[in-house]
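Here's the structure we're looking at; comments come further down.
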Amino acid sequence: MQKLLLIDDEEGIRKVLAISLSKDGYQVLTAENGEAGLNIFKKELPQLVLTDIKMPGMDGIEVLKNIKKLHPETEVIIITGHGDMDTAIEALQHDASDFINKPIKDEALIIALKRAKERIFLKKKLKEYTDDLEHMIKIATEEVRRRVDFQNKLITSSNDGVVATDEEGKIVTYNQGAENIFGYTRSEVMRKMNITDLYPQDVADEFLQGFRKNKTIDSSWNEATILAKDRQEVPTRFSGSILFENDEVIGSVGFFRDLREVKKLQQELIKSERLAATGQTVAGLAHYIKNILIGLRGGVYVSNVALAKNDTEKLKSGWSMIERNVSRISDLVLNLLNYSKEHKPEYEYCYPNDIVEEVCSLLDPTAKDDQIEIIRNFDQSVGEVSLDSGAIHRTLLNLVSNAIDACLYDSNGKKRRRILVKTSSENNRMLRIDVSDNGNGMDEEVKSKLFTSFFSTKGGKGTGLGLLVTNKIVKENGGTIEVDSKKGEGSTFTIRLPYKNKEGNDDAKKSMAFNP
Amino acid sequence: MKNVLVVDDDADVRIFVSTVLEENNCSPIITKNGDEGLSKVREKKPDLIILDVLMPKRSGIKMYRELKTDDSLKKIPVVILSGIAKRTFLRSQEALTEFGEKGVPEPDFYLEKPVEPEELAEVVKRILS
């Protein structure tokens, strides 16, 4: 039951209203003046107060002010004399809920009370919502704190180096992983170092430019070499981005993955694969060497016969067999050495077209023997450049010899056999050589085995070393090798080798040369 | 002097075999693949054919089959001289037969490379006598 305090100095009104309000379901408390009313209010804390304005001693306005001070949510309804609007307005200014005029009409009272009750209900709801909201905020705050904590732990315990900066590039986050990579301790770096002190120059520049232009950068897991505290170069894989809040740069974050261990393992793997492959090939090699030996013994036999008869012509052919097989075995040994040893490119200034021509004319006789034409298409803009000339020679000799074999082993006898050797320059920094034949071509299976093992389609006539060595040489020179082939139609091998232009061999120098 | 046709893609083998033949009073005819070999057989009708197996442009397997299924040529004796084992050569012939082609007889002699000059001379003499 809802408590209602009724303060009025007229006993008659108190009695009549008390009866009427009790009937409406209120527990009515009454007081005959302001002081007594306040005392009851303090003791009973009713939510509804109905008070007369004009009373001896403390008047209704004072009662209103006091109650509002004690309990602002209390609904106070003022009873005013008829037409006393000034008092009514004053009461409302002091936060009275409502007013009714004397003589009190039941309907007016009921409406005023109903409105007051509604307000109480709304206030209660509002309070519930507010309380709920506060609770929710508390939960959310806790959650946020936990997440921040989690993320901090994540950053701290990440094996990757995590580095964050503010919008000027000052380092504000630097975890254990970063310490391991860069070699600087947290205290040496935090708020003391700048992005330019840690990041590779080009990456740092990219970030700083992004900061200035308020632009995002695209940097996803590229390999980047950083300079550690001890001046050692550390290979890393780097990914980073600029951080924005409402389109404004607030800083940056970078992730560095240490690649030292990976690189070491990679090298070991390559080495062990090569050793395994070398082992596998011993049987194949023995077979190949046996064939060479047969050739040598044949040559010795033919030479002996020729010597006994004093036949110079025969001696020449016997001797040529010996020579041929000696050179086959030297090639084999050279290839094996090339394959099993690390080789550093030997750069020198040379004319690539000349080297390619040299190889072509070396093989012209062999090709002509079988009606195969070697067609040249050299890009004359490829001038004197710095390259490993031996590498070009060896790889091209191999590719063109293979092309001749591919033509030879083609079963389609009606084709005019030809090999196209084409040179060109890409972006003035990459030498490209294409060797195309219209020979027997390769199926997918053969193609997939080309560079992987000591694989040969030439039976006892091949070691399976040629393309392996070619591939290795090209890679050592920082180049690439590609194959395009269709069974029965032919193959194209494309190698690309990076080169440096001869210094001063630019247009300015050239034009100067024309001046007397 | 007997004419002996040599079919081999390896220049070393051609020189070696023809030297052995000359030493044994034979006249060698040199060819370097099955196509060339077949046209020379038809042209020169040799007394003996020494045939390699793995060659570009018509292998010894196919040339042998054509020799043995051609009525005008099937009487010419054939010695196979190859790096391939005899069993492998016979298998490949059986496989062709299973594919519906006519069966062919085994070669008169099968020599696996490497061959000693004396052994080759011995075989040639025996067949030609």
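These protein sequence lines map, in sequence, to chains A and B. All residue numbers in the first sequence are consecutive under our numbering, ending with 1352. All residue numbers in the second sequence are consecutive under our numbering, ending with 197. All residues carry an ideal CB built from backbone N, CA and C; glycine is no exception.
*Count the other CB atoms within 10 Å of the CB of S140(B); is the residue buried (16 or more) or exposed (fewer)?*
Counted from its first residue, the second sequence places residue 140(B) at position 72. Within a 10 Å sphere around the beta-carbon of S140(B) sit fewer than 16 other beta-carbons, which makes this residue exposed.
_Can you look up K170(B) in the DSSP assignment and give me helix, strand or coil?_
Position 102 of the second sequence, counted from the first residue, corresponds to residue 170(B). Coil, per DSSP.
_Entirely enclosed alpha helix (DSSP H) segments - the region 1023–1050 of chain A, minimum 4 residues_ = Restricted to the region 1023–1050 of chain A, the alpha helix (DSSP H) segments that are unbroken, complete and at least 4 residues in length are 1031–1034 and 1037–1049, listed in chain order.
*Ignore the nearest five residues each way along the sequence and tell me which others in R1332(A)'s own chain have a CB closer than 6 Å to its CB.*
Locating residue 1332(A) in the first sequence gives position 496, counting from the first residue. Hits under 6 Å: M1266, R1268, G1315 and T1316.
*Between the C-alpha atoms of G171(B) and V1310(A), what's the straight-line distance to the nearest angstrom?*
If you number the second sequence from 1, residue 171(B) lands on position 103. If you number the first sequence from 1, residue 1310(A) lands on position 474. Each residue's Cα considered, the two are about 51 Å apart.
*Could you give the DSSP three-state label for K1338(A): helix, strand or coil?*
Your numbering for residue 1338(A) matches position 502 in the first sequence. Here K1338(A) carries a coil assignment [DSSP, helix/strand/coil].
*Going by C-alpha distance, which of N1171(A), L1173(A) and I1130(A) is nearest G1154(A)?*
Within the first sequence, the letter at position 318 stands for residue 1154(A). Nearest of N1171(A), L1173(A) and I1130(A) to G1154(A), Cα basis: I1130(A).
_Expected contact under 8 Å - CB spacing of L841(A) and A854(A) to nearest Å_ = The residue labelled residue 841(A) in the question sits at position 5 within the first sequence. The residue labelled residue 854(A) in the question sits at position 18 within the first sequence. With a contact defined as Cβ atoms closer than 8 Å, L841(A) and A854(A) miss out at about 11 Å.
*So is A1242(A) buried or exposed if we call it buried at 16+ other beta carbons inside 10 Å?*
To locate residue 1242(A), count along the first sequence from 1; it is residue 406. With 16 or more other Cβ atoms from the protein chains shown falling within 10 Å of its own Cβ, A1242(A) counts as buried.
*Could you pull out every residue in the same chain whose Cβ sits closer than 7 Å to the Cβ of S107(B), ignoring the five residues on either side in sequence?*
To locate residue 107(B), count along the second sequence from 1; it is residue 39. Same-chain partners within the cutoff: there are none.
*Closest residue to E954(A) among E911(A), T977(A) and I975(A) (Cα-Cα distance)*: As a working mapping, residue 954(A) is identified with position 118 in the first sequence. Selection E911(A), T977(A) and I975(A) evaluated against E954(A) yields E911(A) as nearest (Cα-Cα).
_Considering only the alpha carbon of each residue, which of K112(B), T99(B) and C94(B) lies closest to S197(B)?_
In the second sequence, the residue the question calls residue 197(B) occupies position 129. Considering only alpha carbons, the answer is C94(B).
*Cβ atoms of F1291(A) and D1300(A): under 8 Å apart, would you say?*
Working through the first sequence from its first residue, we reach residue 1300(A) at position 464. Working through the first sequence from its first residue, we reach residue 1291(A) at position 455. According to the sequence provided, residue 1300(A) is Gly. The question's Asp does not apply to it. The answer is yes: Cβ separation under 8 Å.
*Would you check if the region 1094–1106 of chain A and the region 1066–1083 of chain A touch, i.e. whether three or more CB-CB distances between them fall below 8 Å?*
They touch, by the three-pair rule.
*Since I940(A) is in the alpha helix (DSSP H), which residue starts that stretch and which ends it?*
Taking the first sequence and counting its residues from 1, one reaches residue 940(A) at position 104. It is not in any alpha helix (DSSP H) - I940(A) carries neither H nor E in the DSSP assignment.
*Among A153(B), P175(B) and N101(B), which has the Cα closest to the Cα of T137(B)?*
As a first step, residue 137(B) is located in the second sequence; it is residue number 69 there, counting from the start. Of A153(B), P175(B) and N101(B), the residue nearest in Cα terms is P175(B).
*Could you tell me whether the Cβ of L1198(A) comes closer than 8 Å to any Cβ of chain B?*
Within the first sequence, the letter at position 362 stands for residue 1198(A). For L1198(A), the nearest beta carbon of chain B is not closer than 8 Å to its own beta carbon.
*Can a CB atom of chain A be found closer than 8 Å to the CB of T156(B)?*
Within the second sequence, residue 156(B) is the residue found at index 88, counting from 1. With respect to chain A, the C-beta atom of T156(B) has no partner C-beta closer than 8 Å.
*asked:* I need the DSSP call for S1176(A), collapsed to helix, strand or coil.
replied: For the purposes of this step, residue 1176(A) is taken as the residue at position 340 of the first sequence. Helix.
*Give a yes or no on contact between the region 118–131 of chain B and the region 71–79 of chain B, applying the rule of three or more CB pairs nearer than 8 Å.*
With a cut-off of 8 Å, the region 71–79 of chain B and the region 118–131 of chain B count as touching, because enough Cβ pairs lie within range.
_For chain B, check one thing: does any of its Cβ atoms lie closer than 8 Å to the Cβ of S1153(A)?_
Start at 1 with the first residue of the first sequence, and residue 1153(A) comes out as number 317. Yes, because at least one Cβ of chain B sits closer than 8 Å to the Cβ of S1153(A).
_Under 8 Å by beta carbon: chain B residues contacting K1150(A)_ = If you number the first sequence from 1, residue 1150(A) lands on position 314. Using a Cβ-Cβ cut-off of 8 Å, K1150(A) is close to T87 of chain B, given in chain order.
*Closer than 7 Å, Cβ to Cβ, to anything on chain A: give me those residues from the region 171–186 of chain B, in chain order.*
Listed by position along the chain: K181, P182 and P185.
_Own chain, CB closer than 6 Å to G1324(A), minus 5 neighbours either side, in chain order_ = Taking the first residue of the first sequence as 1, we reach residue 1324(A) at position 488. Closer than 6 Å at Cβ, skipping near neighbours: G1277.
_Less than 8 Å between CB atoms is the rule here; does D76(B) satisfy it with respect to chain A?_
Residue 76(B) sits at position 8 when you count from the first residue of the second sequence. Output row for D76(B): interface = no.
*4 or more residues per run - each alpha helix (DSSP H) lying fully within the region 1086–1171 of chain A*: Entirely contained in the region 1086–1171 of chain A, the alpha helix (DSSP H) runs reaching 4 residues are, in chain order, 1096–1116 and 1118–1145.
_8 Å Cβ cutoff met for K941(A) and P882(A)_ = Within the first sequence, numbered from 1, the residue matching residue 941(A) stands at position 105. Within the first sequence, numbered from 1, the residue matching residue 882(A) stands at position 46. No, the pair does not count as a contact, with Cβ atoms beyond the cut-off.
*What does F84(B) touch in chain D if you count any residue whose Cβ is under 7 Å from its own?*
Included in the structure are the protein chains A and B, with no chain D among them.
_On the DSSP bridge list, what partners appear for L900(A)?_
Position 64 of the first sequence, counted from the start, is the residue given in the question as residue 900(A). Paired residue(s): none; L900(A) is not in a bridge.
*Look up Y965(A) in the DSSP assignment and say whether it is helix, strand or coil.*
As a first step, residue 965(A) must be located in the first sequence, where it is residue number 129. Of the three classes helix, strand and coil, the one that applies to Y965(A) here is helix, per DSSP.
_Neighbouring residues, chain A, relative to E91(B) (Cβ below 7 Å)_ = As a working note, residue 91(B) is residue 23 in the second sequence. Taking a Cβ-Cβ threshold of 7 Å, the residues of chain A close to E91(B) are V1141, in chain order.
*Between which two residues does the alpha helix (DSSP H) containing L28(B) stretch?*
The requested residue 28(B) does not occur in the structure, where chain B is confined to residues 69 to 197.
*Given a limit of 9 Å on CB to CB distance, which residues of the region 1151–1178 of chain A reach chain B?*
Listed by position along the chain: S1153, G1154, S1156, M1157, R1160 and N1161.
*Among residues of its own chain, excluding the 5 on either side of D1320(A), which ones have a beta-carbon nearer than 6 Å to its beta-carbon?*
As a working note, residue 1320(A) is residue 484 in the first sequence. Its chain contains T1328 as the residues whose beta carbon lies nearer than 6 Å to that of D1320(A), once the 5 sequence neighbours on both sides are disregarded; these appear in chain order.
*Can you name, in chain order, every residue of its own chain whose Cβ lies under 8 Å from the Cβ of D1206(A), other than the five neighbours on each side?*
The residue given as residue 1206(A) occupies position 370 in the first sequence. Contacts found: I1240, C1243, L1244 and R1253.
_Euclidean distance between Cα positions of K904(A) and A932(A)_ = For this step, residue 904(A) is matched to residue 68 along the first sequence. For this step, residue 932(A) is matched to residue 96 along the first sequence. A straight-line Cα-Cα distance of about 9 Å links K904(A) and A932(A).
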